[in-house]
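Asks:
Number of protein chains: 2
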Amino acid sequence: MIRTTDSRSADAAARALYGGARMSEQRSLIARAVLSATGAFTADELHHRLRETSPGLGLATVYRALAAMHAAGGVATVGERGGSALLAHCVRDDHHHHLVCTSCGDVISVDCPLGETALAAAARAGHLVTRHEITLYGLCARCLRAGGGA
Amino acid sequence: MIRTTDSRSADAAARALYGGARMSEQRSLIARAVLSATGAFTADELHHRLRETSPGLGLATVYRALAAMHAAGGVATVGERGGSALLAHCVRDDHHHHLVCTSCGDVISVDCPLGETALAAAARAGHLVTRHEITLYGLCARCLRAGGGA
DNA sequence: ACTGAAAGTGAGAAGCATTCTCATCTTGGA
DNA sequence: TCCAAGATGAGAATGCTTCTCACTTTCAGT
Chain A
4 MIRTTDSRSA DAAARALYGG ARMSEQRSLI ARAVLSATGA FTADELHHRL
54 RETSPGLGLA TVYRALAAMH AAGGVATVGE RGGSALLAHC VRDDHHHHLV
104 CTSCGDVISV DCPLGETALA AAARAGHLVT RHEITLYGLC ARCLRAGGGA
Chain B
4 MIRTTDSRSA DAAARALYGG ARMSEQRSLI ARAVLSATGA FTADELHHRL
54 RETSPGLGLA TVYRALAAMH AAGGVATVGE RGGSALLAHC VRDDHHHHLV
104 CTSCGDVISV DCPLGETALA AAARAGHLVT RHEITLYGLC ARCLRAGGGA
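Sequence lines, in order, name chains A and B.
In this text, residue positions in the first sequence follow our numbering: the first is 4, and each later residue adds one.
In this text, residue positions in the second sequence follow our numbering: the first is 4, and each later residue adds one.
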């Protein structure tokens with residue numbers, strides 16, 4: 004395997020994304036691309052990015068690696084863009100959601116805004132909420148300052 | 004056009020779903036199926052249901068009619084099931100969300116649980132939330148009483 | 001280091017929901 | 001009634017994602 008500078012710590016971080024499963028050179032590359040990604044990405048975007056340095060990498064491999072990381076909690080689905088799932092690197096293991104910046108694509112983790120009281124209306128009516136999905140879109144602080152609000 | 008009992012009021016209700024656009028026999032049938040649906044449905048489910056009485060009805064026609072109703076605000080996307088979009092009849096024109104009963108498929112409209120304070124965390128960090136999507140899954144009061152919680 | 005079974009890979013086919021194309025009706029205002 | 005805009009049905013096309021298959025790589029146990 005070709006090793007680059009800082010490969011040991013990068014390997015450890017990459018391996019962590021898969022939750023300790025078997026590691027291949029391709030999965031390592033994919034994990035590093037996920038770790039170095041700024042913000043959200045689609046599987047296809049990640050594949051294109053990786054193709055620049057690894058022309059032989061298959062799209063199915065990217066999907067499989069992302070699925071493995073998803074299962075291990077290393078990446079999360081944070082929304083959708085143009086019909087494709089938007090993914091992002093995520094290490095928080097507590098319950099939270101994501102704010103996707105529609106300007107730069109960056110992803111900010113936010114605490115779940117749904118508390119006991121917020122769901123009181125449903126509870127009062129006798130319903131039980133067992134699962135919820137929240138996706139937030141907006142502008143991150145940087146883009147907001149840069150004039151995104153103009 | 005074949006007319007059934009109560010067709011005049013049904014027509015009016017059906018027409019309203021499209022927001023006053025041109026009306027065809029097929030669109031009328033589709034709108035009535037939407038109005039009589041109990042809970043959420045996918046485009047394909049609706050098509051199958053309609054096929055029983057209207058064998059010639061095309062799937063594309065159902066998709067087009069649903070898109071028209073969606074644009075007019077007569078139906079809303081309330082979640083997803085097995086890769087297909089879950090739709091439901093919805094007439095509330097204020098901002099709200101939907102609770103999909105995972106047992107019977109019924110859909111309950113709920114007020115948006117996100118208030119000013121709920122988004123304070125994002126605001127404090129300097130971010131701006133411009134759009135959000137919330138999908139709630141759980142059990143409706145009826146299924147809960149019927150032992151769904153067992 | 002060697003071995004073998006389990007797991008990963010690449011290419012392309014397949015699956016699926018949804019949209020588009022096009023020739024042919026319908027609709028509804030003039 | 002007339003007719004242009006709009007709707008329809010069948011199937012092709014599209015795009016995302018998953019599966020298949022033959023082959024290669026990984027790694028625990030030796």
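Where is the CB? At the ideal position from N, CA and C, for every residue including glycine.
Based on the DSSP secondary-structure assignment, which residues constitute the bridge partners of Val78(B)?
Replies: His92(B)
Asks: Taking the alpha-carbon of Leu90(A) as reference, which of Ala16(A), Ala128(A), Leu38(A), Arg134(A) has the nearest alpha-carbon?
Replies: Leu38(A)
Asks: Do Leu69(A) and Leu53(A) have their C-beta atoms closer together than 9 Å?
Replies: no
Asks: Could you name the residues of chain A that Tyr140(B) contacts, counting a contact when the two beta carbons are closer than 9 Å?
Replies: Val132, Thr133, Arg134, His135, Glu136
Asks: Taking all protein chains shown into account, do 16 or more other C-beta atoms lie within 10 angstroms of the C-beta of Arg30(A), making it buried, or fewer, making it exposed?
Replies: By the neighbour-count rule (16 or more Cβ atoms within 10 Å), Arg30(A) is buried.
Asks: Less than 9 Å separating the beta-carbons of Thr133(A) and Thr105(B)?
Replies: yes
Asks: Please classify His158(B) as buried or exposed, where buried requires at least 16 other C-beta atoms within 10 Å of its C-beta.
Replies: Here chain B has residues from 4 to 153 only, and residue 158(B) is not among them.
Asks: Secondary structure at Arg30(B), three-state DSSP: helix, strand or coil?
Replies: helix
Asks: Please state whether DSSP places Thr133(B) in a helix, a strand or coil.
Replies: Strand.
Asks: Is there a C-beta anywhere in chain A that falls below 9 Å from the one on Arg148(B)?
Replies: yes
Asks: I believe Gly82(A) touches Tyr140(A) by the beta-carbon criterion, under 8 Å. Please report the beta-carbon distance rounded to the nearest angstrom.
Replies: 7 Å
Asks: Quick one: Cα of Glu119(B) to Cα of Leu32(A), how far?
Replies: In this structure, the CA atom of Glu119(B) is about 42 Å from the CA atom of Leu32(A).
Asks: Under 8 Å Cβ-Cβ, which residues of chain B neighbour Pro116(A)?
Replies: Pro116, Leu117, Ala121, Leu122, Ala124
Asks: Taking the Cβ atom as the reference point for each residue, do Gly42(A) and Asp109(A) lie within a distance shorter than 9 Å?
Replies: With a cutoff of 9 Å on beta-carbon distance, Gly42(A) and Asp109(A) are scored as near each other.
Asks: If Ala17(B) sits next to Ala34(B), beta carbons under 8 Å apart, how far is it from one beta carbon to the other, in whole angstroms?
Replies: 3 Å between Cβ atoms; contact.
Asks: Do Cys107(B) and His101(B) count as a contact pair if the criterion is CB distance below 9 Å?
Replies: no
Asks: Indicate the three-state DSSP secondary structure (helix, strand or coil) for Leu69(B) in the structure shown.
Replies: The answer is helix: DSSP assigns Leu69(B) an H, G or I state.
Asks: With distances taken Cα to Cα, identify the nearest neighbour of Ala125(B) among Ala128(A), Val103(A), Leu131(A), Ala125(A).
Replies: Val103(A)
Asks: In whole angstroms, what is the alpha-carbon distance linking Arg95(A) and Ala121(B)?
Replies: 20 Å
Asks: Which whole-angstrom value describes the C-beta separation of Ser156(A) and Asp47(A), a residue pair presumed to lie in contact below a C-beta threshold of 8 Å?
Replies: No statement about residue 156(A) is possible, as the shown extent of chain A runs from 4 to 153 and does not include it.
Asks: In the structure shown, what three-state DSSP assignment does Cys146(B) receive?
Replies: helix
Asks: Could you tell me which residues DSSP pairs with Leu139(A) in its beta bridges?
Replies: Leu102(A), His135(B)
Asks: Closer than 9 Å by beta-carbon distance: list the chain A residues that pair up with Gly42(B), in chain order.
Replies: Listed along chain A is no residue with a C-beta nearer than 9 Å to that of Gly42(B); the closest approach is about 13 Å.
Asks: When the Cα atoms are used, what is the spatial distance from Glu55(A) to Val65(A)?
Replies: 14 Å
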